[in-house]
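Just so you know, this note's numbering puts 204 at position 223 of the sequence shown, and the rest follows in order with no gaps.
This report refers to the structure that appears directly beneath it.
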Amino acid sequence: MAHSNLKDAKSTKNDEFYTQYEDIQREINAYLEYNPDVFKGKTVLLPCDDPEWSNFTKFFAQNFENFGLKKLISTSYATESKKIKFQQLSFFEENSPQFDETKTNTHGKIFTLTRDSNKSGSIDIDDLEWHYLEGDGDFRSEEVIQLRNEADIIVTNPPFSLFREFLAWIIEADKKFIIIGNMNAITYKEVFPLIRENKIWLGNGFSGGNAYFRPIGENFANYANGVYDDKTGLVKFRNCCWFTNFEHGRRHQPLSLMTADDNIKFSKHKEIRNMGYCEYDNYNAIEVPYTDAIPSDFDGIMGVPISFLDKYCPEQFEIIELSRYLQDGQGMSQQFVDDYYAQGNTGQISAGHPDLCYYDKTGKAVVPYMRILIKPKGATK
Ligand SMILES: C[S@@+](CC[C@H](N)C(=O)[O-])C[C@H]1O[C@@H](n2cnc3c(N)ncnc32)[C@H](O)[C@@H]1O
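Shown next, in the form of structure tokens:
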């Protein structure tokens, strides 16, 4: 099977995708721009990060003094426990008196940075001190849970196959975080309510929406055309984003939008230009198939693609619901459709379809891919 995105990577259970240094730097800079003291005096935990492979550890260790960190903790996962095995003997381990042949494959490691341990005059990556963990370094293990509890901030690109669990692990401890995930995680029943309540949101984002990762230990021929580049050794995923509960500037920049009339005259989208907006047949809202086609002067509820969240400014819009959760957390049910007619409604309805539906201007029934229902802040309808 060819991978074309993160979801496919998840289905083959490969978790070995390593994040680019520039992407980490660009993202973290967005939080520092908003609040230069965001890391000052804080303990940062990187719970899926071996310094040999992880640019998260390199980046935070190199910036330890710049950021005014109190402590950096980075833990790694044992080779034997990984879904895709690859030789992980690291520079730190190989050259250390602590190296233990009986533990190297089965134990996780913990790397901490608090001081200028090599007396070089500055605190940097060479000052990392390490030892083997008791267990394999699973973030769910008691010893890593203790580290989570000690930390103020958790930052990483977690295993793709365990994203849901990983986010829950952060939320249950009420920690600040910056993590990478699949855009579709927005739609998880554990995640969407947090987004709607403005408890978590999307981060600043990958440049141009393209996330490049270094895959390790895989058969790269499995990737769809254009995903793996054998010149760079990187895979490109379009459906990746950062999730966080730290403020950043882009989140507060309102979208610049045209009025409904101007969209109908000038929109670059053929579904809107000279056509106008369709109303859902089974919900009191209009269908807006593109974020840039949101009309600036509509005072009610609109269904927009989930990618809207990348442009969501909480001062401009309010999130009402995700279409799939409109009824009973299951989407629009047959019961809804039955009630619709029982209440004397006579319009057409795509009977039984478990999601929003509308009839386009040619009369064709359309069920759009999942929509987020939003309304302008302070809307009266
Ligand atoms: C997507 S990779 C990212 C690695 C690194 N954080 C980065 O961004 O470059 C996820 C990492 O988590 C590790 N991992 C997988 N399952 C884990 C678990 N249960 N606990 C801790 N780490 C795990 C994988 O071996 C892999 O190294």
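Note that beta-carbon positions come from the ideal geometry of N, C-alpha and C, so glycine has one too.
Assigned exposure category for residue i - 16 Cβ within 10 Å defines buried
i	result
N265	exposed
N10	exposed
T87	exposed
H250	exposed
G359	exposed
D210	exposed
S55	buried
F247	exposed
F206	For the record, residue 206 in the displayed sequence is Asn; it is not Phe. By the neighbour-count rule (16 or more Cβ atoms within 10 Å), N206 is not buried but exposed.
D278	exposed
D31	buried
N179	exposed
E228	exposed
E8	buried
T343	exposed
N(-5)	buried
T361	exposed
R352	buried
G189	exposed
R96	exposed
G89	buried
G22	exposed
S35	buried
S304	buried
E268	buried
V318	Per-residue confidence for V318 stands at a pLDDT of 48, beneath the threshold of 50, marking its modelled position as unreliable; the derived number appears in the next sentence. Label assigned to V318: buried.
D309	Residue confidence is low: D309 scores 47 on pLDDT, short of 50, so the model does not pin down where it sits. Its coordinate-derived value is still stated next. Classification of D309: exposed, given that the 10 Å Cβ count is below 16.
Nearest-angstrom Cβ-Cβ length linking residue i and residue j, presumed shorter than 8 Å
i	j	result
L114	A42	No, L114 and A42 are not in contact; Cβ-Cβ is about 19 Å, not under 8 Å.
S71	G118	Their Cβ separation, rounded to whole angstroms, is 13 Å, which puts S71 and G118 out of contact at 8 Å.
D262	Y339	5 Å
D4	A166	With 8 Å as the limit, D4 and A166 do not qualify as a contact, their Cβ atoms being about 18 Å apart.
M357	D280	For the sequence presented, residue 357 should be read as Pro rather than Met. Yes, P357 and D280 are in contact; Cβ-Cβ is about 7 Å, under 8 Å.
T137	I152	Not a contact, Cβ separation roughly 15 Å.
E61	G230	Wrong, their Cβ atoms sit about 43 Å apart, outside the cutoff.
K63	E(-3)	7 Å
N181	N226	According to the sequence shown, residue 181 is Ile rather than Asn. Right, their Cβ atoms sit about 5 Å apart.
Residue span of the alpha helix (DSSP H) that contains residue i, given as start and end
i	result
A241	A241 to F247
V125	E123 to E131
E302	Note, E302: premise wrong, no alpha helix (DSSP H); beta strand (DSSP E) at F298 to L303.
P174	F173 to R177
R96	R96 -> no alpha helix (DSSP H), and no H or E assigned at all.
I9	Y2 to Y15
R145	F144 to E153
F73	F72 to E75
Segment limits, beta strand (DSSP E) that includes residue i
i	result
L53	K52 to S57
Y113	E110 to Y113
P286	M283 to P286
P357	R352 to P357
N206	It is not in any beta strand (DSSP E) - N206 carries neither H nor E in the DSSP assignment.
F158	K157 to N163
K39	First-last for K39: N36 to Q43, but that is the alpha helix (DSSP H), not the beta strand (DSSP E).
F224	C221 to T225
F279	Unbroken run through F279: none, as it is neither H nor E.
T137	I134 to T137
V269	Here V269 belongs to no beta strand (DSSP E), and DSSP marks it neither H nor E.
R195	A192 to P196
V19	Neither: V19 is in no beta strand (DSSP E) and is coded neither H nor E.
K217	L215 to F218
Under 8 Å between C-beta atoms of residue i and residue j
i	j	result
F37	T83	no
F144	G116	no
G184	C221	no
D108	S98	yes
I301	I176	no
G49	F73	no
F45	I104	yes
C29	P139	yes
T24	K52	yes
G257	L337	no
D341	V348	no
T168	I275	no
F298	I355	yes
L26	L128	yes
L215	F187	no
With contact counted as at least three CB pairs below 8 Å, one residue from each stretch, are the region 227 to 241 and the region 273 to 292 in contact?
Contact between the region 227 to 241 and the region 273 to 292 is established, with three or more Cβ pairs separated by less than 8 Å.
Stretch-stretch touch, CB-based, cutoff 8 Å, three pairs: the region 241 to 255 with the region 183 to 201
No, because fewer than three Cβ pairs between the region 241 to 255 and the region 183 to 201 fall closer than 8 Å, the two stretches do not touch.
With three or more beta-carbon pairs closer than 8 Å as the criterion, would you say the region 119 to 138 touches the region 152 to 159?
Remark: three or more beta-carbon pairs, one from each stretch, lie closer than 8 Å, so the region 119 to 138 and the region 152 to 159 are flagged as touching.
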